[in-house]
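The structure under discussion appears below in the form of structure tokens.
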Amino acid sequence: MALIKLAIYNIFMIMISMTSLEALCARRGIKSNQQLAEIAGMQQVTLSRILHGKHAATMNTIDKLCAALECQPGAILEWVPDAKQ
């Protein structure tokens with residue numbers, strides 16, 4: 322399962338699950354990242370950076386994605402245990 326980095330605060334890591342995101346996009350008939358970005362009201366370049374792990378998603382981004390996909394944050398987020406624990 323592909324995961325995208327959301328945030329690391331030395332406490333825990335939350336990731337966006339690409340598998341879940343793709344399934345939700347398919348369910349809504351969203352066929353491209355460009356289309357998802359437009360529906361979510363965000364720049365495609367920003368979404369691309371998040372999906373490629375080059376930029377962490379903010380709570381605002383999660384809100385926009387959830388609104389576009391008509392889902393709760395838990396539908397696209399996954400907690401990943403810290404390897405140090």
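For the sequence shown, my numbering gives the first residue as 322, with consecutive numbering after it. Heads up, the beta-carbon is just placed ideally off N, CA and C, and yes, glycines get one too.
In the three-state DSSP reduction, Glu391 falls in the coil class, being neither helix nor strand.
Annotated three-state conformation of Ile337 is strand, per DSSP.
Counting C-beta atoms within 10 angstroms of its own C-beta, Ser353 has fewer than 16 neighbours from the protein chains shown and is therefore classed as exposed.
Residues Ala361 of the same chain have their beta carbon placed closer than 6 Å to that of Leu386, with the five preceding and five following residues left out of the count.
For Leu342 and Thr367, the gap between their C-alpha atoms comes out near 16 Å. For Ser369, the enclosing alpha helix (DSSP H) starts and ends at Gln365 to Leu372.
At least 9 Å separates the beta-carbon of Ile337 from that of Leu390. The beta carbon of Cys392 lies closer than 6 Å to those of Leu345 in the same chain, with the five residues before and after it left out.
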